[in-house]
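Working notes for the structure below.
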Amino acid sequence: RATDEIRDIWTQVGYMPRTHGSAIFTRGETQALVSATLGTRRDEQSVDTLFDQEAKQFYLHYSFPPYSVGEAGFLRGPGRREIGHGHLAERSLRMMMPTFEEFGYVIRIISDITESNGSSSMASVCGGSMALMDAGVPIKKPVAGIAMGMIVGKDNTAILSDIRGEEDFMGDMDFKTAGTSDGITACQMDMKVQGISFETIEEALEQAHKGRMHILGEMAKTISSPRENISQYAPQFLRMEIDGSDIGAVIGPGGKVIQTLQKETGTEIIIEEDSNGKGQITISANDLDKAEEAKKRIKMIVGHLEEGATYKGVVKSIKDFGAFVEVAPGKDGLLHISEIDHKRVEKVTDYLQLGDEIEVKLLKVEHGGKLRLSRKALIEKED
C-alpha cells in the first residue's frame with residue numbers, strides 16, 4: 001500500500017434484525033459488530049467518581065474476545081485495554097450525541113470485535129456511528145476514526161494511514177484520531193520515540209483528515225443520516241406533568257399504587273420532582289397504547305374529584321357497616337350501609353359483591369381526603 005492508502009472497507013446496517021440499531025464495519029482484516037440499544041432512565045449507568053456518583057445516559061462497551069486474533073482463551077471481564085479503548089470510542093461519539101432533553105433515551109452501544117488487525121477502537125467508532133443512525137438517534141454528524149502510524153528513518157520520516165498490527169508493533173507512533181467532516185472529536189497518541197516535531201504532528205493530522213473523509217464517504221454509501229423513525233422494538237415514551245402535591249398519590253403507600261399501575265398496564269413509570277416542585281412523569285412501554293392507558297389512569301388519580309359528581313367504581317371490600325368502592329386508581333370511598341338503598345339494608349352482601357362495578361355519587365370529601373359515597377342517591381325512590 002501507499003503510505004496514505006486506506007484498506008478496503010465494507011459496511012452494512014440492520015444486520016441484527018431484533019436490535020434497535022446495528023452495523024458491521026469492516027476495514028481490511030479488522031471488523032466490529034456494533035449494536036445500539038435505547039432504554040429508559042432506569043438503564044442509566046451509575047459511575048462512582050472520586051467525590052460523587054454520576055449517571056451516564058450514553059455509554060459504550062467495547063469487547064475484544066480472544067478469537068478476534070485467532071486465539072483460544074477464556075472470556076473474562078474487561079481488562080484495562082478494553083476499558084481504555086471503550087472510553088476512547090465513547091469520547092469520539094459523545095460530542096455528536098443529542099442531549100437527554102432532546103431525545104429522551106438512554107443509549108448503550110456494544111462493540112464486539114470479530115476480527116482484528118489494527119485499530120479496532122476506530123472501527124468501533126465507525127460502526128457505532130452507523131448503528132446510532134440505524135437506530136434513529138439524531139446525532140449531529142457521522143463520526144469516523146483512523147489510526148495513524150510513523151516510521152522514523154535516519155534521513156526522513158514516513159507517516160502511515162490506517163496502520164495494521166505489525167505496522168503498529170514495528171512503528172514509532174500510534175496516533176488515533178476520530179471526528180466528523182468538520183473536525184476532531186477525540187484523539188490519542190502513543191509514542192515510542194522521545195518527542196515529535198510540530199511539523200510531523202501537522203502532517204499526521206492533515207493525512208488523517210484525508211483518510212477520515214474517505215472513510216466517511218464509504219460509510220455514507222450505506223447510511224448517511226439518522227433514520228426518521230426509531231425501531232418498532234424500542235420503548236415508546238409519554239411524558240406528563242403533575243402537581244408536586246399529587247406525587248404521593250401516584251406512588252401510593254409503600255409504592256403500592258404505582259407498582260399496581262405498572263403491572264396492570266405493562267409499563268415502566270418514573271416520577272421525578274423538578275426544581276419548580278412539579279412532578280415530571282415518564283411512561284415507557286413497548287406498545288404506545290399501554291402507555292396511553294397508564295397516562296389516562298394517572299390523570300384519574302391526580303384528578304380532583306368533584307362533590308356531587310357521579311363515578312363508576314369497583315367494590316374492593318365489604319364490611320358490616322358498608323363497602324369500600326374504588327372510584328379512581330388508588331382512591332377508595334366508603335359506601336355506608338345506609339347509602340346503598342332507600343330500603344333498610346340488613347346485609348351488604350344482599351346488594352353488593354366483591355368486584356361489582358357500580359355507579360355512585362360523591363357526597364363529600366372529608367378532611368384528609370376520605371370520600372363519602374352514595375348509591376341510593378342515584379336510585380329513584382319508590383312510592
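For the sequence shown, the numbering used here gives the first residue as 1, with consecutive numbering after it.
By construction, the Cβ of each residue, glycine as well, lies at the ideal position given by its N, Cα and C atoms.
Close beta carbons around residue i, own chain, < 6 Å, minus the five adjacent residues each side
| i | result |
| --- | --- |
| R172 | Residue 172 is actually Asp in this sequence, not Arg. Taken in chain order, the residues that qualify are M150, V152, K192 and V193. |
| V314 | E326 and E357 |
| I24 | Q12, Y15 and L33 |
Endpoints, the alpha helix (DSSP H) within which residue i is located
| i | result |
| --- | --- |
| L354 | Unbroken run through L354: none, as it is neither H nor E. |
| H87 | R80 to R94 |
| K56 | From DSSP, K56 is part of no alpha helix (DSSP H) but of the beta strand (DSSP E) over Q53 to K56. |
| Q259 | K256 to T265 |
| I215 | F198 to A220 |
| D332 | That residue, D332, is in no alpha helix (DSSP H); its beta strand (DSSP E) goes K331 to H336. |
| A249 | I247 to I251 |
Buried versus exposed call for residue i [16 or more other C-beta atoms within 10 Å across all chains shown]
| i | result |
| --- | --- |
| A147 | buried |
| T349 | exposed |
| G279 | buried |
| D274 | exposed |
| A285 | buried |
| L362 | buried |
Sequence-distant residues of the same chain with beta carbon closer than 8 Å to residue i, five excluded per side
| i | result |
| --- | --- |
| V257 | A249, V250, I251, I301, P329 and G330 |
| I163 | G118, S119, A147, M148, G149, G171 and D174 |
| F64 | R81, E82, H85, I113, S116 and S120 |
| I379 | D341 and H342 |
| T185 | R91, S92, L93, R94, M95, M96, V143, A178 and G179 |
C-alpha distance - residue i paired with residue j, whole-angstrom precision
| i | j | result |
| --- | --- | --- |
| H61 | G73 | 20 Å |
| E29 | S116 | 6 Å |
| G244 | P235 | 26 Å |
| D332 | K319 | 14 Å |
| M122 | H214 | 14 Å |
| K221 | A2 | 24 Å |
| F169 | D190 | 11 Å |
| D399 | R227 | A question about residue 399 goes unanswered here, because the residues of the chain that appear run from 1 up to 383. |
| K316 | Y233 | 37 Å |
| S68 | I271 | 44 Å |
| A36 | Y311 | 46 Å |
| I223 | G127 | 11 Å |
| R27 | E167 | 15 Å |
Chain-order list of residues whose beta-carbon lies under 7 Å from that of residue i (same chain, five-residue window excluded)
| i | result |
| --- | --- |
| V438 | The structure shown does not extend to residue 438, since the chain is modelled only from 1 through 383, so no value can be given for it. |
| S181 | K141, M213 and L216 |
| R41 | V106, I270 and T282 |
Where the beta strand (DSSP E) through residue i begins and ends
| i | result |
| --- | --- |
| D48 | Q45 to D48 |
| K176 | M173 to G179 |
| A323 | G322 to A328 |
Residue-chain proximity (residue i, chain D), Cβ-Cβ < 7 Å
| i | result |
| --- | --- |
| A72 | Of the protein chains in this structure there is only one, and it is not chain D. |
Segment contact, 8 Å Cβ cut-off, at least three pairs: the stretch 54–69 with the stretch 105–122: Put simply, the stretch 54–69 touches the stretch 105–122. At least three CB pairs are less than 8 Å apart.
Is it true that the stretch 223–239 meets the stretch 290–305, where meeting means three or more beta-carbon pairs spaced less than 8 Å apart? The stretch 223–239, when compared against the stretch 290–305, does touch it at the 8 Å Cβ threshold.
Could you check whether the stretch 253–271 touches the stretch 131–138, counting it as contact only if at least three pairs of C-beta atoms, one from each stretch, sit closer than 8 Å? Output reads no: the stretch 131–138 does not touch the stretch 253–271.
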